[in-house]
Amino acid sequence: VEALINPLFDVPSAFSPNGDGVNDVFRVRGFGIERFEMEIYNRWGQKVYESRDVNQGWDGTYRGKPQPMDAYAYVIHIQFTDGRQTTKTGSVTLLR
Numbered sequence: 021v022e023a024l025i026n027p028l029f030d031v032p033s034a035f036s037p038n039g040d041g042v043n044d045v046f047r048v049r050g051f052g053i054e055r056f057e058m059e060i061y062n063r064w065g066q067k068v069y070e071s072r073d074v075n076q077g078w079d080g081t082y083r084g085k086p087q088p089m090d091a092y093a094y095v096i097h098i099q100f101t102d103g104r105q106t107t108k109t110g111s112v113t114l115l116r
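Each number in our numbering corresponds to the 1-based position in the sequence shown with 20 added.
The following block contains the structure:
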């Protein structure tokens, strides 16, 4: 018996770090992810977050300070367990 797992991932388009326990953190969810890197930038191109841990996410702060409601650009690099790689760019809206 052989099981095939199709690697996949989902990137939300918005999050609201308001402490209600729903979408408080911008996080990638997926299956079959072996390596991961995510960078998030504000509208002026300043990096406000980076992580190499798919289980960690951005809480909408930079250096401990809440960031304003706005659209933030992201770059995500993923390598799956089957060796495939992908890069996704886009934007996420921080709602307050």
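Where a beta carbon is used, it is the ideal one built from N, C-alpha and C, also for glycine.
Whole-angstrom distance between residue j and residue i, CA atom to CA atom
i: residue 105; j: residue 73; result: 16 Å
i: residue 95; j: residue 29; result: 14 Å
i: residue 84; j: residue 100; result: 32 Å
i: residue 75; j: residue 49; result: 8 Å
i: residue 80; j: residue 37; result: 6 Å
i: residue 82; j: residue 103; result: 33 Å
i: residue 97; j: residue 109; result: 9 Å
i: residue 87; j: residue 54; result: 30 Å
i: residue 65; j: residue 90; result: 13 Å
i: residue 51; j: residue 44; result: 21 Å
Reduced DSSP secondary structure (H/G/I, E/B, other) of residue i
i: residue 109; result: strand
i: residue 86; result: strand
i: residue 63; result: coil
i: residue 101; result: coil
i: residue 79; result: coil
i: residue 42; result: coil
Sequence-distant residues of its chain with Cβ nearer than 7 Å to residue i (five each side left out)
i: residue 46; result: 32, 35, 77, 78, 112
C-beta neighbour in chain C for residue i, strict 8 Å
i: residue 89; result: The structure shown contains no chain C; it holds only a single protein chain.
Which residues DSSP lists as bridging residue i, in chain order
i: residue 71; result: 58
i: residue 52; result: The partner list for residue 52 (beta bridge, DSSP) is empty, contrary to what the question assumes.
The beta strand (DSSP E) enclosing residue i, as first and last residue numbers
i: residue 28; result: 28-30
i: residue 116; result: Run containing residue 116: none; DSSP gives neither H nor E here.
Contacts around residue i, its chain only, beta-carbon distance under 8 Å, and the 5 residues preceding and following it disregarded
i: residue 67; result: 59, 60, 61
Sequence-distant residues of the same chain with beta carbon closer than 6 Å to residue i, five excluded per side
i: residue 93; result: 61, 111
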